[in-house]
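Colleague: If you read the sequence shown in our numbering, its first letter stands for residue 59, the second for the next number, and so on.
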Amino acid sequence: MNYQTVFLFVLVGVLVIRDANCLQKRCIKCRSRGVQGTCGDPFPFNVTEPEAEVGIHVVACPSGWCGKMIEGTTGAFRTDDYGAATQRMCLQRSPSDDEERCAYTMWNHKKVYMCFCNGDLCNSAYKISVPPIIMLGSIIVVVYNYFQFRL
């Protein structure tokens with residue numbers, strides 16, 4: 059098998075895995091108030107076993123867009139304030155500009171801090187994304203080095 063064939067298999071494999079992940083978009087759904095709540099930051103649970111904690115659910119999200127909202131009784135949105143609440147949810151539709159971001163917005167006539175993200179379980183933690191060009195470059199380096207050592 060030559061290196062072009064291996065490279066083609068690796069590339070197709072990456073694309074298939076990426077498309078398979080796009081088909082199953084899920085979000086964390088929970089709400090808690092104050093520092094003792096289980097829905098706040100940092101999110102203390104492994105998303106592979108969220109049902110172990112009462113009040114935390116993994117839900118299917120057809121839109122693919124998840125959200126995290128922090129609302130408080132003070133303008134500072136301090137999470138140690140008893141009145142502050144954190145809610146994670148699936149959004150019914152994407153933001154109008156289809157951009158992932160965090161910003162202050164109005165929700166049910168209240169000023170809240172809200173984050174929008176697109177991806178499977180993206181509202182469970184901070185998102186670290188790798189640009190496709192870096193992923194492709196890494197695959198090329200690995201395949202190239204594999205064949206250098208085989209010759």
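For glycine and all other residues, C-beta sits at the position ideal for the given N, C-alpha and C.
1. Using 10 angstroms around the beta-carbon of Ala161, count the other beta-carbons present and answer buried if the total reaches 16, otherwise exposed.
2. Distance check for Gln82 and Thr144, CA to CA, integer angstroms please.
3. If you draw a straight line from the C-alpha of Ser121 to the C-alpha of Ser196, how long is it?
4. Starting from Thr96, trace the beta strand (DSSP E) in both directions and tell me its first and last residue.
5. Taking only the alpha-carbon atoms, compute the straight-line gap between Cys85 and Ser182 and give it to the nearest angstrom.
6. When you compare each of Asn176, Phe205, Asn203 to Arg159 by their alpha carbons, which one comes out closest?
Modeller: So, from the data block:
1. exposed
2. 25 Å
3. 31 Å
4. Note, Thr96: premise wrong, no beta strand (DSSP E); not H, not E.
5. 8 Å
6. Asn176
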